[in-house]
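In what follows, a single structure is set out as structure tokens and then discussed.
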Amino acid sequence: MATRAIRGATTVRTNTREEIISETGVMLLEMLERNSIKKEDVISVIFTVTSDLNAAFPATAARSIGLTRAGLLDFPELNVTGSLKMCIRALMFIDGIMPQSEINHVYLNNAIVLRTDLLKKEHRVAVALDGPAGSGKSTIAKMAAKELGFIYIDTGAMYRSVALYCIDKDIDYNNEVQVLRKLDNINITIENANREQRYILNGNDVTDLIRSPEVSDGASKVAAYKAVREKLVAIQRELASKQSVIMDGRDIGTNVLPKAEVKVFMTGEVEERARRRYEELHLKGMAVTFEEILEDIKKRDYNDSHREYNPLRQADDAVLLDTTHMSVEEVKDYIVAEVKKYIKEV
Ligand code: CDP
């Protein structure tokens, strides 16, 4: 046997003795049950409460559910700006044989937003982020995914990988028949390395090679082919079925994940979008002019919104966000808040 620690957190709606004791009791029983722990194996429990709760000591709940031998202690919590309101947290020390990595921590009621990465299967959230090039989708999606503990999936990178394959193999990406003939030879996977995602095309890491203007142009061409879209959309849906995701692209809210819990359509004035992309590529050391980028973006905006299959379009239930005058932080905070609002509602 060794000492293990289980974290729990829950919230109440009113500062009443009944609610504090009953919600704390529910949380403690869940902590025991989800880890198959007997009451006798609990060594001690430390509770903290936010300063808006003073109607009861949570430790009283531990006694009332029968934790008679454990050492108990209540503490007031730091009053941090923006932190969760009416929250009771617990740290339970137990005698156990399971490795600490297999401990199931418990987050109930609104406290679920404290650890969105631990969402249970039935609470999984999909965030669909659509919009034209340079609207900031990928930067925002990456930041929001990190904060929420979700997986970020860049669907554009998949279309770009198909375009790169064509360029490398001398296949004319403007020629649909030629591209479709080779489609079965294209294998795209995502690998996680150092908390970053790498895009693997037929075994080769192409993450850094797919950002050139030539690949951008090819991506928006091959993205118009129905068979290409069907192949990539199947991969995207499969990825989203396994975890909470933020997926960015052109047709996520309308086609790939029409039931996504949160949908945002990001736009921005074309000059501002081109300026952002220009800065991004310059930082990566690419020799491109602003005019080239502006041209590329205008052309892709047109191709993407006029193609027959799954064009760039705002889903009826998506929120429209014009990011022209918004900072990256503001947009990220907006999306994180939308996700947390959704989770609190379920
Ligand atoms: O980063 P940027 O917005 O410039 O482009 P991207 O998201 O990497 O996507 C590259 C191209 O792939 C787009 O211009 C679209 O033509 C296409 N695409 C698509 O059709 N559907 C998606 N879900 C994602 C990208």
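When the sequence shown is numbered by my numbering, its final residue is 513 and no position is left out of the sequence of numbers.
The C-beta atom is built at its ideal place from N, Cα and C for all residues, glycine as well.
Is residue i near ligand 1, with its Cβ less than 6 Å from a heavy atom?
{"i": "Ala390", "result": "yes"}
{"i": "Gly420", "result": "no"}
{"i": "Thr178", "result": "no"}
{"i": "Gly416", "result": "yes"}
{"i": "Thr434", "result": "no"}
{"i": "Gly323", "result": "yes"}
{"i": "Ser189", "result": "no"}
{"i": "Ala386", "result": "yes"}
{"i": "Tyr326", "result": "yes"}
{"i": "Arg467", "result": "yes"}
{"i": "Asp375", "result": "no"}
{"i": "Ala172", "result": "no"}
Where does residue i fall in DSSP's three states?
{"i": "Arg443", "result": "helix"}
{"i": "Leu424", "result": "coil"}
{"i": "Pro380", "result": "helix"}
{"i": "Ser211", "result": "strand"}
{"i": "Val368", "result": "According to the sequence as given, residue 368 is Leu; it is not Val. Correct three-state label for Leu368: strand."}
{"i": "Ser194", "result": "It is Met, not Ser, that sits at residue 194 in the sequence shown. It is helical."}
{"i": "Val506", "result": "helix"}
{"i": "Gly263", "result": "strand"}
{"i": "Ala485", "result": "coil"}
Can you give the beta carbon distance from residue i to residue j, rounded, assuming they're within the 8 Å contact cut?
{"i": "Asp514", "j": "Ile213", "result": "Because the chain in this structure spans residues 168 to 513, residue 514 falls outside the shown range and cannot be described."}
{"i": "Met433", "j": "Ser302", "result": "4 Å"}
What do you reckon, are the CB atoms on residue i and residue j nearer than 7 Å?
{"i": "Ser328", "j": "Ile355", "result": "yes"}
{"i": "Ile510", "j": "Ile188", "result": "no"}
{"i": "Tyr340", "j": "Lys398", "result": "no"}
{"i": "Ala482", "j": "Thr421", "result": "yes"}
{"i": "Ala390", "j": "Tyr326", "result": "yes"}
{"i": "Lys499", "j": "Met310", "result": "yes"}
{"i": "Arg171", "j": "Gln267", "result": "yes"}
{"i": "Met198", "j": "Gly175", "result": "yes"}
{"i": "Ile377", "j": "Met259", "result": "no"}
Please report the distance separating the alpha-carbon of residue i from that of residue j.
{"i": "Lys393", "j": "Ala454", "result": "33 Å"}
{"i": "Asp468", "j": "Val382", "result": "15 Å"}
{"i": "Glu458", "j": "Glu314", "result": "35 Å"}
{"i": "Glu343", "j": "Tyr445", "result": "30 Å"}
{"i": "Thr322", "j": "Ala228", "result": "48 Å"}
{"i": "Leu448", "j": "Leu487", "result": "26 Å"}
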